[in-house]
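Chemist:
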Amino acid sequence: MSQKFQEIIDSERPVLIDFFATWCQPCKVQSSVLNTVKENVGEKARIIKIDVDQYPAIASQYNVRGVPTLAVFKKGELLYKESGVHDVNRLTQLLEQFM
Numbered sequence: 001m002s003q004k005f006q007e008i009i010d011s012e013r014p015v016l017i018d019f020f021a022t023w024c025q026p027c028k029v030q031s032s033v034l035n036t037v038k039e040n041v042g043e044k045a046r047i048i049k050i051d052v053d054q055y056p057a058i059a060s061q062y063n064v065r066g067v068p069t070l071a072v073f074k075k076g077e078l079l080y081k082e083s084g085v086h087d088v089n090r091l092t093q094l095l096e097q098f099m
């Protein structure tokens, strides 16, 4: 996964990574928000979900201490990272500023 993950975050378009866990209630809320964000940004940005229990090495590499944690990458560079549930407007604006 780490080679594939590197290819994903090396993208020219922004990539929003949702670090989540299946047992996490706020992560379920965040997931539905991300569906709307995806509709708003279309193909201009990519949204990927990473299960921290399935891929602990990636979560550890980016110091993910709580879930949900959202991170935005572009051309392999970490541009934004914050824990907690984010709303649709904030995430849409965040991605638009990196497009």
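Position 77 of the sequence shown, counting from 1, maps to 77 under the UniProt record's numbering, and the rest follow consecutively.
Using N, Cα and C, we set each Cβ at its ideal position, and we do this for glycine too.
#1: How long is the line joining the alpha carbons of R13 and W23, rounded to whole angstroms?
#2: Quick one: what does DSSP say residue 100 is sitting in, helix, strand or coil?
#3: Near K49, which residues of its chain fall below 7 Å by C-beta distance, leaving aside the five closest residues on each side in sequence?
#4: So, with DSSP's three-state summary, where would you put R65?
#5: How is the alpha helix (DSSP H) around E39 delimited, first residue to last?
#6: Leaving aside the five residues before and after I9 along the sequence, list all residues of the same chain whose C-beta is less than 7 Å from its C-beta, in chain order.
Modeler: The short version:
#1: Your numbering for residue 13 matches position 13 in the sequence shown. Your numbering for residue 23 matches position 23 in the sequence shown. Cα to Cα, the separation comes out at about 30 Å.
#2: Any answer about residue 100 is impossible in this case: the structure gives the chain only from 1 up to 99.
#3: The sequence position of residue 49 within the sequence shown is 49, counting from 1. Excluding sequence neighbours, K49 sits near D18, F20.
#4: As a working note, residue 65 is residue 65 in the sequence shown. Secondary structure of R65 (DSSP, three-state): coil.
#5: Working through the sequence shown from its first residue, we reach residue 39 at position 39. 25 to 41 is the extent of the alpha helix (DSSP H) around E39.
#6: Counting from 1 along the sequence shown, the entry for residue 9 is found at position 9. Excluding sequence positions up to five before and after I9, its CB lies within less than 7 Å of the CB of V15, F73, G76, all in the same chain and listed in chain order.
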